[in-house]
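Enquirer: Next up is a structure, given as structure tokens.
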């Protein structure tokens, strides 16, 4: 059995492969090695974009905590207008601006 292990700051990846006699698994070995290494690179690549994503997730959470009304696809203009005003009110409370 071959064991590939890659450790990085965010995770540890362990891949095991059972050897089969008489089979050349060089390509599989290389693919497992690359997979173990690539799993450590993904979290590090996401660190640079973390602030923008966190802000968006926090804003979405704040929006959801205000229990926004669900648009039911009404064909009556008054109901659609009331829904839109309720959504706009939540955005005002959250200090969101038109962007």
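In our numbering, the protein residues as written are 710 to 808. Each residue gets a CB set at the ideal place from its N, CA and C atoms; glycine is no exception. Note that this is a predicted model, so its numbers are computed, not measured.
Rounded to the nearest angstrom, what separates residue 769 and residue 795 at their Cα positions?
Expert: Translated into positions along the chain shown, residue 769 becomes position 60. Translated into positions along the chain shown, residue 795 becomes position 86. Taking the straight line from one Cα to the other gives about 16 Å.
Enquirer: Residue 778 to residue 762, Cα distance in whole Å?
Expert: Within the chain shown, residue 778 is the residue found at index 69, counting from 1. Within the chain shown, residue 762 is the residue found at index 53, counting from 1. Answer to the nearest angstrom: the Cα atoms are 25 Å apart.
Enquirer: How many Å lie between residue 739 and residue 799 at the Cα?
Expert: For the purposes of this step, residue 739 is identified with residue 30 of the chain shown, where counting begins at 1. For the purposes of this step, residue 799 is identified with residue 90 of the chain shown, where counting begins at 1. Using only the alpha carbons, I get a separation of about 53 Å.
Enquirer: Using three-state DSSP, classify residue 802 as helix, strand or coil.
Expert: As a first step, residue 802 is located in the chain shown; it is residue number 93 there, counting from the start. Residue 802: helix per DSSP, three-state reduction.
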